[in-house]
Structure formats: structure tokens, C-alpha cells
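Q: Note that UniProt numbering has the sequence shown beginning at 1, numbered continuously upward. First the structure, which I've put down as C-alpha cells, then a few questions once you've had a look.
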Amino acid sequence: MARWLGVDFGTSNTSAAVLENGRPRLIELEPGRVSVPTAVFLDYGSKRMLFGTAAVEALVGGREGRFLRALKRVLGTPLMRERRQLLSRRMTLVELVGEVLARVRTRAEDDAGERLDRVVAGRPVVFHAEHERDVQAAVDLEEAYRIAGFEEVAWLTEPEAAARACGVRDGLGIVVDIGGGTSDFAVFAAEAGRTRVLASEGVRVGGTDADKALSLAHAMPLLGMGTRLKAQIGSAMHEVPVAPFHDLATWERIGFLQTPEMTREAARMWRLAERPERIGRLQTVLESGLGFDLAFAVEEGKIAANGGMGRIDLAVIEPGLGAPLDAERLARDLGPLTEAIAAGALRATKHAGVAPEAVTHVVHVGGSSLLDPIRRAMADLFPRARPVETAAFTAVAEGLALAAGERS
Numbered sequence: 001m002a003r004w005l006g007v008d009f010g011t012s013n014t015s016a017a018v019l020e021n022g023r024p025r026l027i028e029l030e031p032g033r034v035s036v037p038t039a040v041f042l043d044y045g046s047k048r049m050l051f052g053t054a055a056v057e058a059l060v061g062g063r064e065g066r067f068l069r070a071l072k073r074v075l076g077t078p079l080m081r082e083r084r085q086l087l088s089r090r091m092t093l094v095e096l097v098g099e100v101l102a103r104v105r106t107r108a109e110d111d112a113g114e115r116l117d118r119v120v121a122g123r124p125v126v127f128h129a130e131h132e133r134d135v136q137a138a139v140d141l142e143e144a145y146r147i148a149g150f151e152e153v154a155w156l157t158e159p160e161a162a163a164r165a166c167g168v169r170d171g172l173g174i175v176v177d178i179g180g181g182t183s184d185f186a187v188f189a190a191e192a193g194r195t196r197v198l199a200s201e202g203v204r205v206g207g208t209d210a211d212k213a214l215s216l217a218h219a220m221p222l223l224g225m226g227t228r229l230k231a232q233i234g235s236a237m238h239e240v241p242v243a244p245f246h247d248l249a250t251w252e253r254i255g256f257l258q259t260p261e262m263t264r265e266a267a268r269m270w271r272l273a274e275r276p277e278r279i280g281r282l283q284t285v286l287e288s289g290l291g292f293d294l295a296f297a298v299e300e301g302k303i304a305a306n307g308g309m310g311r312i313d314l315a316v317i318e319p320g321l322g323a324p325l326d327a328e329r330l331a332r333d334l335g336p337l338t339e340a341i342a343a344g345a346l347r348a349t350k351h352a353g354v355a356p357e358a359v360t361h362v363v364h365v366g367g368s369s370l371l372d373p374i375r376r377a378m379a380d381l382f383p384r385a386r387p388v389e390t391a392a393f394t395a396v397a398e399g400l401a402l403a404a405g406e407r408s
């Protein structure tokens with residue numbers, strides 16, 4: 001019987017795996033890489049779609065085109081169904097995601113040497129808090145898998161997949177999976193290596209929300225957020241509109257922000273601004289297409305500040321421009337996000353009927369689970385638990401492969 005493929009299509013990274021001789025084997029989606037950025041670059045010069053590392057390199061290299069990231073966060077929203085001109089044809093973002101997943105499937109088939117048209121796909125516990133949007137997100141993603149050529153699609157929540165792959169043989173554990181767009185939890189009981197999930201929970205906050213919080217706190221004020229505008233008539237002053245800055249700080253919105261209308265609005269604000277030099281930086285970002293460069297700078301500053309001293313380096317906008325970011329500021333700015341994640345973890349244990357003090361293992365999954373404020377919050381919440389380090393970016397794919405093996 002043909003094998004099933006496990007695919008973890010994430011907000012920030014994508015990985016895939018098959019079961020081989022009873023063990024998960026990760027697919028090299030790129031030479032030497034089993035986890036690749038979930039990023040797309042529509043190259044205007046070659047009229048080709050680039051995915052993964054090639055997409056990021058095209059952006060950094062200054063090639064003319066359109067960069068898209070965090071598409072998973074758009075699932076379930078009207079944006080997914082809008083037909084727009086993307087390279088040489090009009091298509092929806094559902095179709096675009098389908099083409100991305102088709103590339104993952106093709107690469108997996110080349111690696112495995114066989115046809116793989118059935119998939120166990122990972123999904124968050126909840127895509128959205130609103131029920132209708134949550135249901136629609138699952139519909140959007142299943143349609144994308146069908147477009148990619150998968151004839152059968154089975155689902156497994158991402159934290160449950162990670163629980164299968166974490167290696168805990170005995171005890172009560174909780175998976176804390178902090179992805180790019182969601183944070184998901186699975187409380188499980190392990191006995192002699194057999195894992196039983198007791199309860200799951202999810203909240204719609206993740207690593208991209210951390211980036212947004214840091215961008216709004218440190219980068220956007222340098223671009224004019226918080227400055228005042230003169231009234232067009234009279235002497236009154238009022239604050240600059242915040243919506244453009246929030247969009248510019250949100251990964252999934254950046255690719256749709258650089259419009260003639262936004263450029264004209266920035267020019268109007270510059271004429272009326274009390275601090276025109278700051279709005280001038282916003283104009284530079286919009287006119288030169290530097291929105292994602294700014295977002296990457298914030299992300300890099302976050303990583304550097306985790307447990308030490310970092311800096312959000314915005315020299316790409318203006319020589320010498322930047323903002324200091326250290327561990328103390330990181331903990332302060334991520335306080336609301338950390339609280340939301342801790343509350344989600346606590347609800348999961350409550351649903352499972354497990355006291356936090358009874359948890360013996362905390363399994364950290366996802367790149368943002370490496371952030372010190374989140375680690376400290378989990379240590380405080382589960383004081384008797386031992387942290388379990390997994391492959392942060394690939395544990396879900398490995399668990400999906402284990403589940404896929406049960407179907408083959």
C-alpha cells in the first residue's frame with residue numbers, strides 16, 4: 001500500500017516527512033534543508049514563483065517582485081478568495097498556496113521515489129477564534145491540498161503530532177507549540193512509550209505577534225507613529241493615523257500595503273507632520289519596498305535580545321537608524337503575549353483534569369518557544385516539570401509521519 005506523506009505547512013516554516021522502517025524520515029525540501037521558510041517571491045523579471053530560501057534570497061538581493069509571508073494567517077479571511085493578478089495570471093491565494101504545496105509534494109516524491117498523493121496535514125487547534133472563520137480556514141487549506149494533487153487529506157492537530165514525536169515514555173506532559181501564527185497545547189499521558197492525548201487548546205497568538213509588538217514599540221515610532229499632524233484648516237493638532245503602522249508591523253499585511261493610495265497618504269502626512277523627518281522614513285519604506293526588510297530587522301533584533309543585548313538595525317532605511325533591544329525590554333514588550341500563552345496552557349490542563357503541579361514534562365516546539373519570557377512562564381506554571389527539548393522546527397512533521405504510517 002502506498003505511503004502517506006506528513007506535511008507541516010506553517011506560518012513561518014514548512015517541513016514534511018514519511019515513515020521509513022518504523023521511524024520518521026524528514027524530506028530535504030531544499031538541498032541540506034528539512035525546514036524551509038514559508039515564503040513566496042513572485043519574480044517580475046523571470047515571471048517565476050520562488051519558494052523557501054530562494055524567495056528570501058530574492059527579497060534580500062533586491063530583485064523586483066512581490067514577497068509574501070505568513071500566508072497561513074490569511075486562511076479563512078476574504079483575502080484568500082480575492083482573485084488578483086499574480087505574475088502572468090489572475091488567481092486566488094488559495095490557488096497560490098496550492099502551488100506551494102504542489103512543490104512540497106513534488107520534492108517529497110522525488111526524495112521518496114514514489115507517488116505520494118495522500119497526506120496527513122498538520123493544523124492548529126484553532127485557526128481563528130471566530131467559529132465561521134475557523135471553519136473557512138480549514139476549507140481553504142483542504143482546497144489548497146487538493147489543488148496540489150493530494151487525493152486524500154487527513155488532519156491532525158500540530159501539538160498532538162508533536163506529542164507523538166517528543167520521546168516522552170512515561171509521565172504527564174504538555175506540548176507548548178509556539179508557531180508563527182498560533183500557540184497550541186496538548187496535554188498527554190505517556191506510558192511505556194504509548195502516548196494518549198487528554199486535551200488540546202489553542203490561542204491565535206504566536207511569533208509574528210511578538211514581532212508586531214516589538215515593531216510597534218521600537219521601530220514604528222522612528223517612522224512617525226505617535227507624532228502629530230497639523231490640521232489642514234486651523235491650528236489644531238492630532239495624532240497620525242495608526243492603521244498604516246499596524247499594517248506595516250504585521251507580516252501577512254506587508255505584501256498588500258505598498259499601494260499608490262498608501263503612498264499618497266504618506267505624502268499628505270509628511271506635509272502636515274510636526275516631525276516630517278520621521279514620516280519621511282515611512283515614505284522611504286513604502287516607495288522603496290522595504291516593508292519586509294524592516295520586519296526581518298525586527299525579527300533579528302528579537303533573536304539577538306533573547307537572553308542578551310540586541311538592536312533593531314534599520315540602516316536599510318537610513319544610515320545609523322536603529323533601536324536598542326535587550327532582555328528586559330523584550331520581557332516587558334512581550335508581556336501580554338506571554339500572559340495569553342500561559343492562560344492557554346493553563347486552560348489545556350484544566351480541560352484535561354490535570355493539576356499544573358502534576359505535569360512532569362513540558363515539550364517545547366516552534367521557534368518562538370525558545371524565547372526566554374515564554375520559557376520562564378512555563379517554568380513558573382509547571383514547577384515540577386522537566387523541559388523537553390525537541391527539534392523545534394520539525395517535531396510536528398515527524399509526528400505527522402508517525403500518524404501517516406498508521407494509515408499506510
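Cβ coordinates follow ideal geometry from the N, Cα and C atoms, glycine included. These numbers come from a predicted model, not from an experiment.
Would a C-beta distance cut-off of 7 Å place Met262 and Leu286 closer than the cut-off?
A: The residue given as residue 262 occupies position 262 in the sequence shown. The residue given as residue 286 occupies position 286 in the sequence shown. Yes, these two residues count as a Cβ contact at 7 Å.
Q: Taking the continuous alpha helix (DSSP H) assigned at Phe382, which residues delimit it?
A: Numbered from its first residue, the sequence shown carries residue 382 at position 382. Element bounds for Phe382: n/a, residue is neither H nor E.
Q: Count the other CB atoms within 10 Å of the CB of Ser12; is the residue buried (16 or more) or exposed (fewer)?
A: Counting from one through the sequence shown, the residue named residue 12 turns up at place 12. Buried is the call here.
Q: Looking only at its chain, what residues have a beta carbon closer than 8 Å to the beta carbon of Ala192, apart from the 5 residues adjacent to it on each side?
A: Your numbering for residue 192 matches position 192 in the sequence shown. For Ala192, where only same-chain residues beyond five positions count, the Cβ hits under 8 Å are Arg169 and Asp170.
Q: Run through DSSP, which three-state label would Phe41 get?
A: The count along the sequence shown starts at 1 and reaches residue 41 at position 41. In the structure shown, Phe41 sits in a strand (DSSP, three-state: E or B).
Q: To the nearest whole angstrom, what separates the beta carbons of Leu325 and Leu294, a pair I think is in contact under 8 Å?
A: Taking the first residue of the sequence shown as position 1, residue 325 is located at position 325. Taking the first residue of the sequence shown as position 1, residue 294 is located at position 294. Contact doesn't hold; Cβ gap of about 14 Å is too wide.
Q: Quick check on the burial criterion: 16 or more other C-beta atoms within 10 angstroms. Buried or exposed for Arg278?
A: Within the sequence shown, residue 278 is the residue found at index 278, counting from 1. Buried, by the Cβ-count rule.
Q: Closer than 8 Å is the cut-off here; do at least three beta carbon pairs connect the region 265 to 278 with the region 86 to 99?
A: Touching, no, given that fewer than three Cβ pairs across the two stretches are closer than 8 Å.
Q: Does Ile178 come out as helix, strand or coil in the three-state DSSP assignment?
A: For the purposes of this step, residue 178 is taken as residue 178 along the sequence shown, with counting starting at 1. In the structure shown, Ile178 sits in a strand (DSSP, three-state: E or B).
Q: What separation, rounded to the nearest whole angstrom, lies between the Cα atoms of Cys166 and Leu172?
A: Along the sequence shown, read from residue 1 onward, the residue named residue 166 stands at position 166. Along the sequence shown, read from residue 1 onward, the residue named residue 172 stands at position 172. C-alpha separation (whole angstroms): 12 Å.
Q: Out of Leu346, Ala297, Ser369 and Arg84, point me to the one whose CA is closest to Ala358's CA.
A: Here residue 358 refers to the residue found at position 358 when the sequence shown is read from its first residue. Cα-wise, what sits closest to Ala358 is Leu346.
Q: Is DSSP giving Val94 helix, strand or coil here?
A: Start at 1 with the first residue of the sequence shown, and residue 94 comes out as number 94. Three-state DSSP puts Val94 in a helix.
Q: Would you say Thr53 and Thr38 are within 7 Å of each other, going by their C-beta atoms?
A: Your numbering for residue 53 matches position 53 in the sequence shown. Your numbering for residue 38 matches position 38 in the sequence shown. No; because the gap between Cβ atoms is not below 7 Å, this pair is not in contact.
Q: What span of residues does the alpha helix (DSSP H) with Glu82 cover, start to end?
A: Here residue 82 is taken as the residue at index 82 of the sequence shown, counted from 1. Run containing Glu82: none; DSSP gives neither H nor E here.
Q: I'd like the ranges of any alpha helix (DSSP H) spanning at least 4 consecutive residues and lying wholly in the region 132 to 167.
A: List check, alpha helix (DSSP H) in window: 158 to 165.
Q: Report back the beta-carbon spacing between Pro159 and Asp177 to the nearest angstrom; my notes put them in contact at under 8 Å.
A: What you label residue 159 is simply residue 159 of the sequence shown in a count that begins at 1. What you label residue 177 is simply residue 177 of the sequence shown in a count that begins at 1. Indeed, because the Cβ distance is near 5 Å, the residues count as touching under 8 Å.
Q: Provide the residue span of the alpha helix (DSSP H) that contains Ile303, from first to last.
A: As a working note, residue 303 is residue 303 in the sequence shown. Unbroken alpha helix (DSSP H) run through Ile303: Gly291 to Ala305.
Q: With a CB to CB cut of under 8 Å and the five nearest residues on each side skipped, what residues in its chain are close to Ala266?
A: The count along the sequence shown starts at 1 and reaches residue 266 at position 266. Pro244, Ile279, Leu282, Gln283 and Leu286, listed in sequence order.
Q: Among the residues of its own chain, which have a CB less than 7 Å from the CB of Gly291, if the five just before and after it don't count?
A: On the sequence shown, residue 291 is found 291 positions in, with the first residue counted as 1. Correct list, in chain order: Leu248, Ile254, Leu257, Gln258 and Val285.
Q: Helix, strand or coil for Pro244 per DSSP?
A: Position 244 of the sequence shown holds residue 244. Pro244 falls in the helix class under three-state DSSP.
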